[in-house]
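The structure under discussion appears below in the form of structure tokens.
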Amino acid sequence: MSLALAKVAPPPDDGITAQETGSTETGSATRVSAARPFIEFEKVTVRFGKGDKQVQALSETSLSIEEGDFVALVGPSGCGKSTLLKLVGDLLKPSTGHVFVGGRELGATPIRIGMAYQNPTLLPWMNIRDNVMLPLKIVPPFRSEFSAKRKTEFRDRVEALLAQVGLAGFGEKFPWQLSGGMMQRANLCRALIHEPDLLLLDEPFGALDQFTREELWQIMQDLWMTKKTTVLLVTHDLREAGFLANRICVMSARPGRILDDSSVAFARPRSIDMTYEADFVALNQRLRSLIVEARGGTGIVQAGGH
773 MSLALAKVAP
783 PPDDGITAQE
793 TGSTETGSAT
803 RVSAARPFIE
813 FEKVTVRFGK
823 GDKQVQALSE
833 TSLSIEEGDF
843 VALVGPSGCG
853 KSTLLKLVGD
863 LLKPSTGHVF
873 VGGRELGATP
883 IRIGMAYQNP
893 TLLPWMNIRD
903 NVMLPLKIVP
913 PFRSEFSAKR
923 KTEFRDRVEA
933 LLAQVGLAGF
943 GEKFPWQLSG
953 GMMQRANLCR
963 ALIHEPDLLL
973 LDEPFGALDQ
983 FTREELWQIM
993 QDLWMTKKTT
1003 VLLVTHDLRE
1013 AGFLANRICV
1023 MSARPGRILD
1033 DSSVAFARPR
1043 SIDMTYEADF
1053 VALNQRLRSL
1063 IVEARGGTGI
1073 VQAGGH
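Structural data, given as structure tokens:
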């Protein structure tokens, strides 16, 4: 097996031609491009606080993500990885710069987003089936279609997804009756049940033991290969990034920016055994060196397990 690692060209600085179209409800114009990638961060800077207490999380960060990409963000703690997720999830606005999704500036056109974090956040008073089904009750267009005549169809969809992640027969169980790994599987189902355009993963496997993590990596790979959802993953585990992603972006220490953007083309489906082979270990070591350098040459970087 050969290591297929190639630099990804940065977005052009000359600005892909954008046009002003229509006005939003607030009266501001919406920038639209006919040739933008599915997601684009364009010279985004984010600052928190004011005066002497101001902290700059991101500095003119640019990143392009094509539809169907699986992109992993790695870097030192506090470098702005989760901030990028909050930006594209429309949970945070940039101080300067622009974020585009589907060719339109974020917020102009709603998109369906699924999210999964380190803690599963399942509702304890709902069984697993109802937890997974929740987005179908609240996210358009499913919300208006959630009626008695479609409830059976939606329930079948939930059961099929639970079976795909190894939770067949657990729909009637409650979160407290499941292990941490099983709850995270249900959490992934809930993030995907409404067929999102974009899946945001913020260290979703970080609290699990090594063997459970590896099992969930394989499940996540199977889900991505089946659905080809665009995925943006934040992780401190370089082995996880190399196993799951087809692109890995290394970020600098705060204020964060993209230091390295490389494609990873190991054949799929990837096996856990592959992560112990020489080419994969070499990728891990290269990523680790970049992050150590970003930290100023000091500190411990998680290259493999938890």
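Residue 773 is where the sequence shown starts when you use the working numbering, and the numbers rise one by one after that. All residues carry an ideal CB built from backbone N, CA and C; glycine is no exception. Computed from a predicted structure; not experimentally measured.
Residue i versus residue j - alpha carbon distance
i: Pro896; j: Pro947; result: 6 Å
i: Arg927; j: Val911; result: 16 Å
i: Tyr889; j: Leu980; result: 12 Å
i: Leu909; j: Arg929; result: First, the residue type needs correcting, since residue 909 is Lys and not Leu in the sequence shown. Roughly 13 Å between the two C-alpha positions.
i: Glu838; j: Lys945; result: 38 Å
i: Glu931; j: Ala940; result: 7 Å
i: Lys858; j: Leu950; result: 29 Å
i: Gly938; j: Pro1027; result: 41 Å
i: Gly952; j: Ala1054; result: 31 Å
i: Glu1012; j: Trp989; result: 7 Å
i: Met887; j: Leu845; result: 15 Å
i: Thr984; j: Ile883; result: 31 Å
i: Val827; j: Thr817; result: 11 Å
i: Ser849; j: Ser1024; result: 10 Å
i: Glu987; j: Phe914; result: 31 Å
i: Gln936; j: Ile1044; result: 19 Å
Proximal residues to residue i (C-beta, below 6 Å), its chain only, five neighbours per side dropped
i: Leu878; result: Asp862 and Val871
i: Asp974; result: Ser854, Leu857, Tyr889 and Val1006
i: Gly852; result: Ala829, Leu830 and Gly1028
DSSP bridge partner residues for residue i (one or two, in chain order)
i: Cys1021; result: Leu845 and Asp1033
i: Arg819; result: Gln828
i: Thr1047; result: Looking at the DSSP assignment, Thr1047 forms no beta bridge with any residue, so it has no partner.
i: Gly1028; result: Leu830
i: Val1006; result: Leu845 and Asp974
Candidates the options, of which the one nearest residue i by Cα
i: Pro866; options: Asp824, Leu830 and Arg876; result: Leu830
i: Pro809; options: Pro913, Ala963 and Arg876; result: Arg876
i: Cys1021; options: Ile1063, Arg1042 and Thr1047; result: Ile1063
i: Thr868; options: Asn1056, Thr924, Phe977 and Lys815; result: Lys815
i: Gly840; options: Glu967, Asn903 and Gly1068; result: Glu967
i: Asn891; options: Gln956, Glu925 and Leu835; result: Gln956
i: Phe820; options: Thr833, Glu1065, Leu864 and Thr893; result: Leu864
i: Leu1004; options: Lys923, Val860, Ile1030 and Tyr1048; result: Val860
Near the ligand SAM: residue i beta-carbon under 8 Å from a heavy atom
i: Val1006; result: Looking for the ligand SAM in the displayed structure turns up nothing, as the structure carries no ligands at all.
Same chain only: Cβ atoms within 8 Å of residue i, ignoring 5 sequence neighbours per side
i: Arg1040; result: Gln993 and Met997
i: Gly901; result: Correcting the residue identity first, residue 901 is Arg in this sequence and not Gly. Answer for Arg901: Arg927, Val930, Glu931, Leu934, Gly943 and Glu944, listed in chain order.
i: Leu964; result: Gly886, Leu933, Leu971, Leu995, Lys999 and Thr1001
i: Ser774; result: Low per-residue confidence applies at Ser774: pLDDT is 42, beneath 50, and the placement is therefore not dependable enough to give any value.
Same chain, Cβ closer than 7 Å to residue i, neighbours up to 5 away in sequence not counted
i: Gly799; result: Only weak support exists for where Gly799 lies, its pLDDT of 38 falling under 50; the value from the coordinates is given anyway. Same-chain partners within the cutoff: there are none.
#### Entry: alpha helix (DSSP H) segments (min. 4 residues) lying fully within the segment 832-890
DSSP runs (the alpha helix (DSSP H)) wholly in the segment 832-890: 853-860.
### Task
Could you pull out every unbroken beta strand (DSSP E) segment of at least 3 residues lying fully inside the segment 962-991, listed in chain order?
Listed in chain order, the complete beta strand (DSSP E) runs (minimum 3 residues) inside the segment 962-991 are 970-974.
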